[in-house]
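**Student:** Going by the working numbering, the residue at position 30 of the sequence shown is 38; the numbering climbs one at a time, nothing skipped.
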Amino acid sequence: MKILVAVKRVVDYNVKVRVKPDESDVDIGNVKMSMNPFDEIAVEEAVRLKEAGKATEVVVVSLGVKQCEETLRTALAMGADRAIHVETDEKLEPLAVAKLLKAVVETEQPQLLLLGKQAIDDDANQTAQMLAALMQLAQGTFASKIELKADEVLVTREIDGGQEQLALKLPAVISTDLRLNEPRYIKLPNIMQAKKKPLEKKTVAELGVDISPRLVQLKVTEPAERAAGIRVGNVAELADRLHHEAKVI
Ligand code: AMP
Numbered sequence: 009m010k011i012l013v014a015v016k017r018v019v020d021y022n023v024k025v026r027v028k029p030d031e032s033d034v035d036i037g038n039v040k041m042s043m044n045p046f047d048e049i050a051v052e053e054a055v056r057l058k059e060a061g062k063a064t065e066v067v068v069v070s071l072g073v074k075q076c077e078e079t080l081r082t083a084l085a086m087g088a089d090r091a092i093h094v095e096t097d098e099k100l101e102p103l104a105v106a107k108l109l110k111a112v113v114e115t116e117q118p119q120l121l122l123l124g125k126q127a128i129d130d131d132a133n134q135t136a137q138m139l140a141a142l143m144q145l146a147q148g149t150f151a152s153k154i155e156l157k158a159d160e161v162l163v164t165r166e167i168d169g170g171q172e173q174l175a176l177k178l179p180a181v182i183s184t185d186l187r188l189n190e191p192r193y194i195k196l197p198n199i200m201q202a203k204k205k206p207l208e209k210k211t212v213a214e215l216g217v218d219i220s221p222r223l224v225q226l227k228v229t230e231p232a233e234r235a236a237g238i239r240v241g242n243v244a245e246l247a248d249r250l251h252h253e254a255k256v257i
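1. Assuming the contact rule is C-beta atoms closer than 8 Å, Pro-102 and Thr-135 should be a hit. Round their C-beta distance to whole Å, please.
2. Straight-line CA distance for Ala-170 to Ser-183?
3. Can the beta-carbon of Ala-202 be found less than 7 Å from the beta-carbon of Leu-120?
4. Below 8 Å on the Cβ atoms is my contact criterion, and I expect Val-181 with Leu-215 to pass it. Report the Cβ-Cβ distance as a whole number of Å.
5. Buried or exposed for Asp-47, please, with buried defined as at least 16 other CB atoms from any protein chain shown within 10 angstroms of its CB.
6. Would you decide whether Thr-211 is buried or exposed? Buried here means 16 or more other CB atoms lie within 10 Å of its CB.
7. Taking the beta carbon of Val-240 as the centre, do at least 16 other beta carbons fall within 10 Å, making it buried, or is it exposed?
8. Alpha helix (DSSP H) containing Arg-249: first to last residue?
9. Pop quiz: Ala-54 and Ala-88 are said to be a contact at Cβ under 8 Å. What is the actual Cβ separation, rounded to whole angstroms?
10. What's the C-alpha gap between Met-115 and Thr-229?
11. Which runs of the alpha helix (DSSP H) spanning at least 4 residues fall entirely within the region 22–79, listed in chain order?
12. With H, G and I counted as helix, E and B as strand and the rest as coil, what does DSSP make of Gln-259?
13. Where does His-251 land, buried or exposed, given buried means 16+ other C-beta within 10 angstroms?
14. For the beta strand (DSSP E) containing Ile-92, name the first residue and the last one.
15. Can you name the start and end residues of the beta strand (DSSP E) that Gln-147 belongs to?
16. By alpha-carbon positions, which one of Ala-158, Glu-78, Thr-96 ends up nearest to Val-217?
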């Protein structure tokens with residue numbers, strides 16, 4: 009069983025992003041970039057399935073600028089077997105990513121496709137769903153548990169007010185939620201080994217996919233500053249302010 013995992017290079021989750029002065033986008037110049045945290049969980053799950061003898065190969069794919077190679081090397085150091093980099097400097101919308109992944113999947117023919125539930129830069133939460141739709145495959149989003157069987161996969165999903173269990177026919181697309189696992193700490197020897205693992209390059213033109221944008225980003229702004237709180241003297245004053253000033257009661 010081959011597992012394909014999509015990994016995106018995003019602004020590190022510890023970075024406080026700033027908006028560009030012209031409000032056209034967030035400023036990612038000189039900012040630390042890392043693997044999208046949900047994709048790290050996806051890689052970890054794939055590697056665990058391989059270690060448990062349930063998968064034979066883990067292939068990681070990243071689409072984007074040259075530096076995505078670093079993200080792929082991190083995934084290889086976590087235990088993935090080989091990597092595919094579709095290099096482009098164009099900004100990719102989720103639909104373009106889904107179409108490019110579909111083209112890769114058609115040649116790779118994995119049985120399981122693992123993606124993060126969302127990328128923490130665009131927060132789109134669309135790619136896995138679009139990929140499943142384009143490929144007409146079963147999908148299990150927000151997975152907190154995955155169990156591989158012979159010709160199906162059981163997925164426990166985090167939903168409002170509880171959990172849902174699905175049995176999906178393989179091949180299937182699954183997106184990972186936070187509680188699925190805790191990604192491993194990468195050791196130095198693994199980083200060294202990862203340098204020798206294969207990393208294949210592909211172009212958008214080779215894959216024959218139209219990645220032209222469908223959306224126009226009009227403006228990006230900082231959230232409004234929160235006003236400082238005030239201390240009230242007693243419950244009666246609180247009730248009065250909530251009624252007359254906040255007008256919420
Ligand atoms: P999104 O729909 O943008 O929130 O992204 C959801 C998931 O799609 C991510 O967690 C990744 O697994 C995958 N993905 C999105 N963009 C890329 C990309 N440029 N390269 C590889 N995987 C991606």
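Glycine included, each C-beta is placed from N, C-alpha and C at the ideal position.
**Tutor:** Considering the structure as presented:
1. For the purposes of this step, residue 102 is taken as residue 94 along the sequence shown, with counting starting at 1. For the purposes of this step, residue 135 is taken as residue 127 along the sequence shown, with counting starting at 1. Taking 8 Å as the upper bound for CB-CB distance, Pro-102 and Thr-135 are in contact here, some 4 Å apart.
2. By 1-based counting over the sequence shown, the position of residue 170 is 162. By 1-based counting over the sequence shown, the position of residue 183 is 175. Looking at the sequence itself, residue 170 is Gly, so the reference to Ala does not match. If you take the alpha carbons of Gly-170 and Ser-183, they lie about 17 Å apart.
3. Position 194 of the sequence shown holds residue 202. Position 112 of the sequence shown holds residue 120. No, they are not a contact pair.
4. Taking the first residue of the sequence shown as 1, we reach residue 181 at position 173. Taking the first residue of the sequence shown as 1, we reach residue 215 at position 207. Contact between Val-181 and Leu-215 does not hold, since their C-beta atoms are separated by about 18 Å, which reaches or exceeds 8 Å.
5. Taking the sequence shown and counting its residues from 1, the one referred to as residue 47 is at position 39. Around the CB of Asp-47, 16 or more other CB atoms lie within 10 Å, so the residue is classed as buried.
6. Within the sequence shown, numbered from 1, the residue matching residue 211 stands at position 203. Exposed.
7. Residue numbering aside, residue 240 sits at position 232 when the sequence shown is read from its first letter. Flag for Val-240 reads exposed.
8. Stepping through the sequence shown from its first residue, residue 249 is reached at position 241. Start and end: 243–252.
9. Counting from 1 along the sequence shown, the entry for residue 54 is found at position 46. Counting from 1 along the sequence shown, the entry for residue 88 is found at position 80. Going by Cβ atoms, the distance from Ala-54 to Ala-88 rounds to 7 Å, so yes, they are a contact pair.
10. Locating residue 115 in the sequence shown gives position 107, counting from the first residue. Locating residue 229 in the sequence shown gives position 221, counting from the first residue. With the sequence shown as reference, residue 115 is identified as Thr, and Met is not the correct amino acid for it. Thr-115 and Thr-229: Cα-Cα distance of roughly 41 Å.
11. Complete alpha helix (DSSP H) runs here, min 4: 45–59.
12. The displayed coordinates of the chain run from 9 to 257. Any statement about residue 259 would go beyond what the structure contains.
13. What you label residue 251 is simply residue 243 of the sequence shown in a count that begins at 1. The Cβ neighbour count for His-251, taken over all protein chains shown within 10 Å, is under 16; the residue is labelled exposed.
14. The residue given as residue 92 occupies position 84 in the sequence shown. Going by DSSP, Ile-92 is part of the beta strand (DSSP E) stretching over 90–95.
15. Taking the sequence shown and counting its residues from 1, one reaches residue 147 at position 139. Note, Gln-147: beta strand (DSSP E), 146–156.
16. Counted from its first residue, the sequence shown places residue 217 at position 209. The shortest Cα separation from Val-217 among Ala-158, Glu-78, Thr-96 belongs to Thr-96.
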